[in-house]
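Chains as they are written, first to last, in my numbering: chain A, 16 to 390; chain B, 1157 to 1294.
All residues carry an ideal CB built from backbone N, CA and C; glycine is no exception.
This structure is a prediction, so every number in the text was calculated from the model and none was measured.
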């Protein structure tokens, strides 16, 4: 017995039935998720923030709020050259160590690197006097010296994120004797601004005609973290609401919720910006763009980024709204290294270094780049 | 015979459309806000707001300081000065500790954990070595 061919009426009815079944399936799935959202939502409210920065480490040097960590090796054989992570002054360093499986530090340890990190700590009121000179000409060299003593190796690779990249680049430029074969072996910067004309809204908001940085620092000392947090959020005001909507939509998904909470915790966990350093960066970099003009001085010494001769990589994010590409793209052309490259990866300012995007894109590329240059 | 029927379309998902709408709206709203916040008027207004907030904060700080002085309690400045002195003592102790460690000829722990060998080679060199060894081992 053969099935009679479907007539025109049957052919036209099938897609309609399929569509109806598809919609019914979507509705059923959403009903199930809504139930799970209610249960998980209660969990979300009642549980604390997930732990962060858990990779085992030892504090090998302290000075004021500064801590130099040495992470414990996870393999029996490591590359000769240790890595020193230099972090931003305005955010907590655990963005690179969010959780097991989501930690750049853990990844680097597993890939055979010896990892140190400078945690600047939370500035105290008395730290409002700190300037970039203190970080670049005193704290970083001191930490490099400790790494050298502890590792027994003559050189170190610096890997630095955001404003940490600026500190790392300034350090490398002002220690040319070091750069040309001494302590600094490689420099890897992520999303590091050098051309402040490209800083978009930050540039507009800090226009000296309307923004009196002297009054802020003179009145408050350190710049309060709430002010920094508000300014970062103002760059994408609708994203706060949309983020909450997405959280509700994915409340049934444990992995999404945990990841969201970790990143939100970090984003909200801003620290004060040392007052004098804020005055200096706002006036000389943000408003006058002196680094780009080749007129920026630290401790009376002119900063010439072409003094950087070590292997150099600058990784920038395609959709970075905090350090737009226009502010970062000139760095690779300014350094004097023969071995230099810029890598533009998909993602934003934070997703470049943390989260699923970073695990797939940045981390393997960084491992590949460093491995070849760390023996 | 080639099947020239169009590939089957996924069933319509009203919730996927809603998610797409959220994303699109987010981008559009951000753009609208950014255009507005990029104007000189906004910069002037935000500068005024920052000025008012810092003035308020300063007034509060000074008021609190006067109050604590009046009730004979340490102010934030007193605590900061104390913290600064403690930090200086701490740093001096660390320096002495370092010098002592140097003087007695050891650094760090008395029984340091075994250190991994610093002999790791990059994967590209390992692969090259395997290729070179390959024919000889045959």
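Interface residues of chain B around residue i at Cβ under 7 Å?
i                     : result
residue 220 (chain A) : 1199 and 1202
residue 216 (chain A) : 1190, 1193 and 1194
residue 92 (chain A)  : 1272, 1273, 1275 and 1276
residue 249 (chain A) : 1193
residue 316 (chain A) : Going along chain B, no residue has its Cβ under 7 Å from residue 316 (chain A), so there is no contact; the nearest lies around 25 Å.
residue 88 (chain A)  : 1272
Flag this pair as yes or no: are the beta carbons of residue i and residue j separated by less than 8 Å?
i                      : j                      : result
residue 367 (chain A)  : residue 226 (chain A)  : no
residue 5 (chain A)    : residue 214 (chain A)  : Residue 5 (chain A) is absent from the structure shown; chain A starts at 16 and stops at 390.
residue 101 (chain A)  : residue 175 (chain A)  : yes
residue 1185 (chain B) : residue 253 (chain A)  : yes
residue 251 (chain A)  : residue 190 (chain A)  : no
residue 290 (chain A)  : residue 216 (chain A)  : no
residue 97 (chain A)   : residue 131 (chain A)  : yes
residue 201 (chain A)  : residue 355 (chain A)  : no
residue 364 (chain A)  : residue 343 (chain A)  : no
residue 70 (chain A)   : residue 118 (chain A)  : yes
residue 1279 (chain B) : residue 386 (chain A)  : yes
residue 331 (chain A)  : residue 359 (chain A)  : yes
residue 188 (chain A)  : residue 99 (chain A)   : no
residue 142 (chain A)  : residue 237 (chain A)  : yes
residue 199 (chain A)  : residue 170 (chain A)  : yes
residue 95 (chain A)   : residue 1274 (chain B) : yes
residue 357 (chain A)  : residue 347 (chain A)  : yes
residue 293 (chain A)  : residue 228 (chain A)  : yes
residue 404 (chain A)  : residue 67 (chain A)   : Lying outside 16 to 390, the shown extent of chain A, residue 404 (chain A) is not represented and no answer is given.
I want to verify the contact list: residues of chain A whose CB lies under 7 Å from the CB of residue i, in sequence order.
i                      : result
residue 1250 (chain B) : 77
residue 1245 (chain B) : In chain order: nothing, as chain A lies at least about 12 Å away.
residue 1170 (chain B) : 38 and 41
residue 1239 (chain B) : 139 and 141
residue 1182 (chain B) : 253, 254 and 257
Should residue i go down as buried or exposed, given a rule of 16 or more other Cβ atoms within 10 Å for buried?
i                      : result
residue 203 (chain A)  : buried
residue 431 (chain A)  : Absent from the structure is residue 431 (chain A), since the part of chain A shown begins at 16 and ends at 390.
residue 196 (chain A)  : In this prediction, residue 196 (chain A) scores a pLDDT of 48, lower than 50, which makes its location untrustworthy; no coordinate-derived value is stated.
residue 36 (chain A)   : exposed
residue 1173 (chain B) : exposed
residue 1205 (chain B) : exposed
residue 153 (chain A)  : exposed
residue 1228 (chain B) : exposed
residue 263 (chain A)  : exposed
residue 125 (chain A)  : exposed
residue 72 (chain A)   : buried
residue 129 (chain A)  : buried
residue 255 (chain A)  : exposed
residue 339 (chain A)  : buried
residue 1223 (chain B) : exposed
residue 371 (chain A)  : exposed
residue 178 (chain A)  : buried
residue 1270 (chain B) : exposed
residue 20 (chain A)   : Note on residue 20 (chain A): pLDDT 49, under 50, position unreliable in the model; the coordinate value appears next. Classification of residue 20 (chain A): exposed, given that the 10 Å Cβ count is below 16.
residue 1177 (chain B) : exposed
residue 50 (chain A)   : exposed
residue 304 (chain A)  : buried
Below 8 Å on C-beta distance, what does residue i contact in chain B?
i                     : result
residue 231 (chain A) : 1206 and 1210
residue 271 (chain A) : Under the 8 Å cutoff, chain B gives no residues; its nearest Cβ is about 13 Å from residue 271 (chain A).
Residues of chain B with CB under 9 Å from residue i, in chain order?
i                     : result
residue 291 (chain A) : Per Cβ cutoff of 9 Å: no residues; residue 291 (chain A) is ~15 Å from chain B at best.
residue 200 (chain A) : Chain B residues near residue 200 (chain A): none, gap ~13 Å exceeds 9 Å.
residue 149 (chain A) : Residues of chain B passing the Cβ test: none, with the nearest at roughly 14 Å.
Regarding residue i and the ligand NAD, is the C-beta to nearest heavy atom distance less than 7 Å?
i                    : result
residue 89 (chain A) : The model on display carries no ligand, and the ligand NAD is accordingly not part of it.
Using a cut-off of 9 Å between C-beta atoms, extract the partners of residue i located in chain A.
i                      : result
residue 1216 (chain B) : Neighbours of residue 1216 (chain B) on chain A: none; closest Cβ ~11 Å, over 9 Å.
residue 1213 (chain B) : 234, 235 and 239
Given that residue i touches chain A, what residues does it touch there, using C-beta distances under 8 Å?
i                      : result
residue 1258 (chain B) : Within chain A, no residue comes near residue 1258 (chain B); the closest Cβ sits about 10 Å away, beyond 8 Å.
Counting contacts by CB-CB distance shorter than 8 Å, is residue i in contact with chain E?
i                     : result
residue 264 (chain A) : The chain labelled as chain E is not found among the protein chains of the depicted structure, namely A and B.
- When Cβ atoms are compared, which residues of the region 1188-1200 of chain B fall closer than 9 Å to chain A? Per Cβ criterion, the list reads 1188, 1189, 1190, 1193, 1194, 1195, 1196, 1198, 1199 and 1200.
- Got a sec: which bits of the region 98-132 of chain A sit with their beta carbon under 7 Å from any beta carbon on chain B, in order along the chain? 127
- Task: Could you please tell me which residues of the region 155-174 of chain A, in chain order, have their CB closer than 9 Å to any CB of chain B?
- Result: 164, 165, 166, 167 and 168
- Message: Against chain A, which members of the region 1274-1286 of chain B pass a CB distance test of less than 7 Å?
- Response: Across the region 1274-1286 of chain B, CB contacts with chain A closer than 7 Å involve 1274, 1275, 1276, 1277, 1278, 1279 and 1280, in sequence order along the chain.
- Query: Between the region 44-62 of chain A and chain B, which residues of the former have CB atoms less than 7 Å from a CB of the latter, in chain order?
  - Reply: 45
- Message: Which complete beta strand (DSSP E) runs does the region 186-256 of chain A hold, if anything under 3 residues is left out?
- Response: 199-205
- Query: Between the region 372-388 of chain A and chain B, which residues of the former have CB atoms less than 7 Å from a CB of the latter, in chain order?
  - Reply: Of all residues in the region 372-388 of chain A, 386 and 387 have a Cβ within less than 7 Å of some Cβ in chain B.
- Message: I'd like the ranges of any alpha helix (DSSP H) spanning at least 4 consecutive residues and lying wholly in the region 1230-1276 of chain B.
- Response: With a minimum length of 4 residues, the continuous alpha helix (DSSP H) runs that stay inside the region 1230-1276 of chain B are 1232-1259.
- Listed in chain order, which residues of the region 275-304 of chain A have Cβ atoms closer than 8 Å to some Cβ of chain B? none
- Item | Runs of beta strand (DSSP E) wholly within the region 79-134 of chain A (minimum 3 residues, chain order) | 81-86, 98-101 and 130-134
- Task: Return the residues of the region 336-366 of chain A that lie within a Cβ-Cβ distance of less than 7 Å from chain B, sorted by chain order.
- Result: none
- Task: Output, in sequence order along the chain, the residues in the region 1220-1237 of chain B whose CB is closer than 9 Å to any CB in chain A.
- Result: 1232, 1233, 1235, 1236 and 1237
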